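Residue numbers (our numbering): 516 to 815.
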């Protein structure tokens, strides 16, 4: 099906039937998470945390096909690697992400046949990369500096914990260009922050400085400029010290029950939570507490 405009070459949506709004295609994670890197995405490992860095600083990390393919593969690789317990998403060069590269799209500059072939093989790849049609099992922490606007703010809504430098800027600018924020914002934003703030952000397209973004609940931490990644890694380290099966089950329960009635949600919580008590990790946690030592969790 042909898309209606150049901007939509990547962002054209066909009505889907699965729970995340997308179609599942078989995909194989890279053998090592570090192999997910591309010319526009740097992948590094810090302890048990995988750090995905949007790395196109000359364009304020505007989204490109190499970046989207790398993100897609990075999410899959992190979930497939038992040694990874958390993920940090950040940007290089003092910016997080300025959204889709409209100049490249308008000029046909989204090149790279190998990457285009990946998109043809899985038309949902870009949506999974942007966390619209995919949710990693492991916690995702955003470390934001500088610009986090348009598609950057849309990706942000797919992350679990959000840290920003005090000079960071957020916003959904699409309506200012006569475009639609089709990365999920008209659905997700009002579920994450009060509706009045969500609609103002969506309908005005104005910028939001980090302190205001924190006040309305879009982000959780405002830190001195240049320290967002440090704070995100600090949070990740705390998560990594916890039982990985418990962490993943808690995250899953929060999202699974979000739209359920309280009664159905509580029932779903029991179904998700009780099996954790039967794990070796749960027994190790209790034993370590009694023995006054740090637990050694083995994902078992």
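For glycine and all other residues, C-beta sits at the position ideal for the given N, C-alpha and C.
Source: prediction; values computed, not measured.
In this structure, residue 754 places its C-beta atom within 8 Å of the C-beta atom of residue 600. Annotation for residue 641: the continuous alpha helix (DSSP H) segment containing it runs 640 to 644. In this structure, the alpha-carbon of residue 586 lies about 16 Å from that of residue 632. Just measuring C-alpha positions, the residue of 602, 590, 560 and 556 sitting nearest residue 578 is 556. With distances taken between CA atoms, residue 787 lies nearest to 769 out of 776, 796 and 769.
Beta-bridge analysis with DSSP links residue 657 to 604 and 677. In the three-state scheme derived from DSSP, where H, G and I count as helix and E and B as strand, residue 581 is classed as helix. Inter-segment contact for the region 666 to 681 and the region 735 to 743 is present: three or more beta-carbon pairs are separated by less than 8 Å. With a threshold of 16 other beta carbon atoms within 10 Å, residue 564 meets it and is buried. DSSP places residue 810 in the coil class of the three-state scheme, outside both helix and strand. Residue ranges of uninterrupted beta strand (DSSP E) with 3 or more members, entirely inside the region 707 to 767 and ordered along the chain, are 736 to 738. For residue 804, the three-state secondary structure derived from DSSP is helix. With contacts defined by Cβ atoms closer than 8 Å, residue 766 and residue 638 do not form a contacting pair. By the CB criterion at 8 Å, residue 644 and residue 604 fall outside the cutoff. Annotation: residue 651 to residue 674 spans about 9 Å, alpha carbon to alpha carbon.
Shown here for residue 593: same chain residues with a beta carbon closer than 7 Å to its own, the five before and five after excluded, namely 548, 565, 599, 602, 651 and 653 in chain order. Counted as a single uninterrupted DSSP element, the beta strand (DSSP E) harbouring residue 564 occupies residues 564 to 569.
The beta carbons of residue 760 and residue 793 sit no closer together than 8 Å. A Cβ-Cβ contact shorter than 8 Å links residue 666 with residue 612. Here residue 801 has no same chain residue with a Cβ atom under 8 Å from its own Cβ, once five neighbours each way along the sequence are excluded. Residue 698 holds the alpha-carbon nearest to the alpha-carbon of residue 649 among 698, 725 and 706. Check the Cα spacing between residue 595 and each of 756, 711, 544 and 689: the tightest is with 544. In the three-state DSSP reduction, residue 652 falls in the coil class, being neither helix nor strand. Burial is judged here by how many other beta carbons sit within 10 angstroms of a residue's own beta carbon; residue 711 has fewer than 16 and is exposed. The residue from 798, 763, 756 and 774 with its alpha-carbon nearest to that of residue 809 is 756.
The beta-carbon separation of residue 677 and residue 720, rounded to 20 Å, does not stay under the 8 Å limit for a contact. Of 728, 691 and 693, the smallest CA-CA separation from residue 704 is found for 728. If you draw a 10 Å sphere on the C-beta of residue 659, you find 16 or more other C-beta atoms in it, and that means buried. In this structure, the CA atom of residue 573 is about 31 Å from the CA atom of residue 702.
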